[in-house]
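*Asks:* So that we are looking at the same thing, I have put the structure below in structure tokens.
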Amino acid sequence: MKVFVLNSGSSSVKYKLYEMPDEAVLASGQVERIGMDDAAVTHRVPGREPYRVQEEILDHTTAIQRVLGLLTEAHDGAAVLQRIDEIDAVGHRVVHGGEAFHGSVRVTPAVKRSIRELSELAPLHNPHNLAGIEAAEELLPGVPQVAVFDTAFHARMPRHAFLYALPHVLYRRYAVRRYGFHGSSHRYVAERVRTLLGDGGTARIITCHLGNGASIAAVQGDHSIDTSMGFTPLEGLMMGTRSGDVDAGALLYVMARENLSLAEADAMLNKHSGVLGISGLASDMREIEEAADAGNETARLALEMYAYRIRKYIGAYAAALNGVDAIAFTAGIGEHSWRVREDVGASLGYLGAELDPEANRAARGEALISTPHSRVRLYVVPTDEEVVIARDTVAVVTADREPVAARRPGARRG
Ligand SMILES: Nc1ncnc2c1ncn2[C@@H]1O[C@H](COP(=O)(O)OP(=O)(O)O)[C@@H](O)[C@H]1O
Ligand SMILES: CC(=O)OP(=O)(O)O
Ligand SMILES: [Mg+2]
1 MKVFVLNSGS
11 SSVKYKLYEM
21 PDEAVLASGQ
31 VERIGMDDAA
41 VTHRVPGREP
51 YRVQEEILDH
61 TTAIQRVLGL
71 LTEAHDGAAV
81 LQRIDEIDAV
91 GHRVVHGGEA
101 FHGSVRVTPA
111 VKRSIRELSE
121 LAPLHNPHNL
131 AGIEAAEELL
141 PGVPQVAVFD
151 TAFHARMPRH
161 AFLYALPHVL
171 YRRYAVRRYG
181 FHGSSHRYVA
191 ERVRTLLGDG
201 GTARIITCHL
211 GNGASIAAVQ
221 GDHSIDTSMG
231 FTPLEGLMMG
241 TRSGDVDAGA
251 LLYVMARENL
261 SLAEADAMLN
271 KHSGVLGISG
281 LASDMREIEE
291 AADAGNETAR
301 LALEMYAYRI
311 RKYIGAYAAA
321 LNGVDAIAFT
331 AGIGEHSWRV
341 REDVGASLGY
351 LGAELDPEAN
361 RAARGEALIS
371 TPHSRVRLYV
381 VPTDEEVVIA
391 RDTVAVVTAD
401 REPVAARRPG
411 ARRG
């Protein structure tokens with residue numbers, strides 16, 4: 001079964017084509033800078049030179065059309081597919097599933113309506129996820145499409161973790177609560193850690209997804225019991241351009257003093273804060289590390305704050321889990337920045353976690369980075385959201401042939 005996985009972001013589309021159930025990647029790549037006149041297309045086929053071009057790609061439909069075209073064109077060898085209708089199913093990352101979706105579902109008009117309604121809560125993500133779905137429907141008519149939600153892995157958080165201490169009527173009226181995101185990544189990494197631990201499923205695991213967006217999850221068994229992102233992907237850790245936790249009182253004060261509109265306040269929190277806001281230099285961690293090495297003070301401050309916030313959350317989640325067996329680092333920064341891992345890992349002694357500095361600096365790919373004596377195991381685990389999406393897509397398409405619905409409407413409210 002050939003499964004095409006799409007992760008449509010605000011200005012990019014990432015894709016992977018899998019042969020399932022073997023999970024062999026037949027092709028992968030991305031289109032970046034969609035909407036600009038020099039979009040960058042990268043297409044990779046295992047064992048061949050990557051194919052890279054720059055061209056004008058103005059919207060997601062065109063980007064997906066281009067990608068499907070790449071699959072049927074010959075580049076440094078034969079085409080990956082003879083015809084695009086060899087694709088049996090398409091799996092989509094959808095960031096916000098609200099309370100409606102506790103698992104992956106086949107895309108229907110009602111599912112699309114829900115995703116559209118939830119766009120208000122994830123404006124940087126859901127509209128593009130939906131655009132990806134509609135483009136794929138248009139270009140691959142009749143091929144089953146499956147939505148895999150970032151929120152699903154956190155759907156079983158207990159009430160005391162997901163509620164805000166706001167007037168309860170706001171939850172009943174608008175479902176204002178914490179949802180959590182990056183679920184496919186936390187799920188993949190926790191599964192890998194369980195395998196590495198040789199644990200039957202009871203391990204207490206803290207997964208740190210440190211990418212452009214960043215979140216931490218406290219995982220027990222096959223789901224998370226708490227996570228740092230909330231109603232929207234803004235809460236929690238300091239991120240590339242997002243503030244993470246802020247006293248709502250400070251926000252109200254700044255809005256009043258600076259006479260900010262809602263849109264301006266939103267842009268301040270989501271686009272001009274975090275590592276970029278503190279450093280005044282960049283949101284990209286590589287640039288920040290280089291600047292810090294060159295003696296730049298605001299870059300150093302951003303790094304200190306970044307690691308400190310992660311350490312605080314690890315402490316909180318060790319408390320939430322009543323202890324911790326393993327901590328894993330993943331995504332762009334978690335996988336590649338030995339320095340951020342060192343800043344976090346060097347002060348976890350109180351938990352019985354001892355980072356091995358040499359193993360940490362040498363880590364490439366999946367690696368154990370704690371010492372042999374460390375009671376808590378520390379790992380680097382490269383994430384793979386796409387394989388989670390491909391597996392769920394196969395499961396939903398297969399289950400669809402049986403009378404079992406993967407969707408459980410949220411009955412939890414109240
Ligand atoms: N070698 C590296 N050292 C430090 N940071 C890195 C390295 N490689 C990538 N990153 C950082 O990872 C972040 C992007 O992570 P990624 O998971 O790709 O983000 P997203 O999927 O949210 O776009 C950027 O801040 C980038 O600088
Ligand atoms: C939910 C979220 O923040 O996703 P990303 O890190 O891809 O922006
Ligand atoms: Mg990401």
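If you use our numbering, the sequence shown corresponds to residues 1 to 414, in order. Ideal placement from N, C-alpha and C gives every residue a C-beta, glycine not left out. Quick caveat, the model's predicted, so the values are computed rather than measured.
1) Output needed for V394: all residues of its chain with C-beta closer than 8 Å, excluding positions within five of it in sequence on either side, in chain order.
2) Is A39 near ligand 3, with its Cβ less than 7 Å from a heavy atom?
3) With a threshold of 16 other CB atoms inside 10 Å of the CB of A74, please say whether the residue is buried or exposed.
4) For the alpha helix (DSSP H) holding R159, just list the boundary residues, first then last.
5) State the beta-bridge partners of L368 as determined by DSSP.
6) Cβ of G345 within 7 Å of any heavy atom in ligand 3?
7) Which value, in whole angstroms, describes the spacing of the CA atoms of L118 and G277?
8) Compute the Euclidean distance between the alpha carbons of A175 and R377, then round it to the nearest angstrom.
9) Distance, Cα to Cα, R412 vs D37?
10) Can you tell me whether M285 sits near ligand 1, meaning its C-beta is under 7 Å from at least one heavy atom of the ligand?
11) Relative to the alpha-carbon of L234, which residue among I225, H223, I216, G221 has its alpha-carbon at the smallest distance?
12) Near R204, what residues of its chain come up, given a Cβ to Cβ distance below 7 Å and the 5 sequence neighbours on each side ignored?
13) Are at least three pairs of beta-carbons, each pair with one atom in the stretch 120-135 and one in the stretch 78-93, less than 8 Å apart?
14) With 16 other CB atoms within 10 Å as the buried threshold, where does L301 fall?
15) Of the choices R187, Y306, L121, L252, whose alpha-carbon is the least far from that of L210?
16) What did DSSP end up calling R66 once you bin it into helix, strand or coil?
17) For H60, collect the residues of the same chain with a Cβ closer than 7 Å to its Cβ; drop the 5 residues on either side in sequence, then sort them by chain order.
18) Would T151 and Y179 qualify as a contact pair, given that the criterion is a beta-carbon distance under 8 Å?
19) Specify whether the stretch 265-285 and the stretch 235-249 touch according to this definition: at least 3 beta carbon pairs, one from each stretch, less than 8 Å apart.
20) Look at the alpha carbon of L281 and the alpha carbon of I288, and state the distance between them as a whole number of angstroms.
21) For the alpha helix (DSSP H) containing G277, list its first residue and its last residue.
22) Just confirm the distance between the C-beta atoms of V80 and I57, as a whole number of angstroms; I'd bet it's less than 8 Å.
23) Would DSSP call H96 helix, strand or coil?
24) Where does G200 land, buried or exposed, given buried means 16+ other C-beta within 10 angstroms?
25) Write down the C-beta distance between R106 and P144 rounded to the nearest angstrom, noting that I regard them as a contact closer than 8 Å.
26) Taking 7 Å as the cut-off, is the beta-carbon of A331 closer than that to any non-hydrogen atom of ligand 3?
27) Output needed for E86: all residues of its chain with C-beta closer than 6 Å, excluding positions within five of it in sequence on either side, in chain order.
28) Alpha carbon to alpha carbon, what distance is there between G244 and G295?
*Replies:* The relevant details are as follows:
1) Mapped onto the sequence shown, residue 394 falls at position 394. M1, V3, M20, P21, A89, listed in sequence order.
2) Mapped onto the sequence shown, residue 39 falls at position 39. Answer for A39: no, Cβ out of range of ligand 3.
3) On the sequence shown, residue 74 is found 74 positions in, with the first residue counted as 1. Its Cβ having fewer than 16 others within 10 Å, A74 is exposed.
4) Position 159 of the sequence shown, counting from 1, holds the residue named residue 159. It spans 159-162 - the alpha helix (DSSP H) in which R159 sits, taken as one unbroken run.
5) Looking up residue 368 in the sequence shown gives position 368. Beta-bridge pairing links L368 to Y379.
6) By one-based count along the sequence shown, residue 345 stands at place 345. Not so, every heavy atom of ligand 3 lies at least 7 Å from the Cβ.
7) Against the sequence shown, residue 118 aligns to sequence position 118. Against the sequence shown, residue 277 aligns to sequence position 277. Those two C-alpha atoms are separated by around 27 Å.
8) Residue 175 sits at position 175 when you count from the first residue of the sequence shown. Residue 377 sits at position 377 when you count from the first residue of the sequence shown. Cα to Cα, A175 sits roughly 37 Å from R377.
9) Within the sequence shown, residue 412 is the residue found at index 412, counting from 1. Within the sequence shown, residue 37 is the residue found at index 37, counting from 1. Confidence in R412 is poor, its pLDDT being 42 and thus under 50, which makes the residue's placement unreliable; the coordinate value appears in the next sentence. Cα to Cα, the separation comes out at about 47 Å.
10) Walking along the sequence shown from the start, residue 285 turns up at place 285. Answer for M285: yes, Cβ within range of ligand 1.
11) Residue mapping note: residue 234 aligns to position 234 of the sequence shown, counting from 1. Comparing Cα-Cα distances from L234 to each of I225, H223, I216, G221, the minimum goes to I216.
12) The count along the sequence shown starts at 1 and reaches residue 204 at position 204. Closer than 7 Å at the Cβ level, and outside the excluded window around R204, lie Q220, L321, G323, V324, D325.
13) yes
14) Translated into positions along the sequence shown, residue 301 becomes position 301. Its Cβ having fewer than 16 others within 10 Å, L301 is exposed.
15) Counted from its first residue, the sequence shown places residue 210 at position 210. When only C-alpha atoms are compared, the closest one is Y306.
16) Indexing the sequence shown from 1 puts residue 66 at position 66. In the structure shown, R66 sits in a helix (DSSP, three-state: H, G or I).
17) For the purposes of this step, residue 60 is taken as residue 60 along the sequence shown, with counting starting at 1. Same-chain partners within the cutoff: S8, V13, I34, H128, A131, G132, A135.
18) The residue labelled residue 151 in the question sits at position 151 within the sequence shown. The residue labelled residue 179 in the question sits at position 179 within the sequence shown. Taking 8 Å as the Cβ cut-off, T151 and Y179 qualify as a contacting pair.
19) yes
20) As a first step, residue 281 must be located in the sequence shown, where it is residue number 281. As a first step, residue 288 must be located in the sequence shown, where it is residue number 288. The alpha-carbon atoms of L281 and I288 are separated by roughly 7 Å.
21) What you label residue 277 is simply residue 277 of the sequence shown in a count that begins at 1. Here the alpha helix (DSSP H) through G277 covers 274-279.
22) Mapped onto the sequence shown, residue 80 falls at position 80. Mapped onto the sequence shown, residue 57 falls at position 57. V80 to I57, Cβ: 20 Å. No contact.
23) Locating residue 96 in the sequence shown gives position 96, counting from the first residue. Here H96 sits in coil by DSSP.
24) Here residue 200 corresponds to residue number 200 of the sequence shown, with the count starting at 1. Classification of G200: exposed, given that the 10 Å Cβ count is below 16.
25) Locating residue 106 in the sequence shown gives position 106, counting from the first residue. Locating residue 144 in the sequence shown gives position 144, counting from the first residue. Going by Cβ atoms, the distance from R106 to P144 rounds to 6 Å, so yes, they are a contact pair.
26) Taking the first residue of the sequence shown as 1, we reach residue 331 at position 331. Yes - ligand 3 has a heavy atom lying nearer than 7 Å to the Cβ of A331.
27) Sequence index remark: in the sequence shown, residue 86 carries index 86 (1-based). Same-chain partners within the cutoff: K2.
28) Mapped onto the sequence shown, residue 295 falls at position 295. Mapped onto the sequence shown, residue 244 falls at position 244. Cα to Cα, G295 sits roughly 26 Å from G244.
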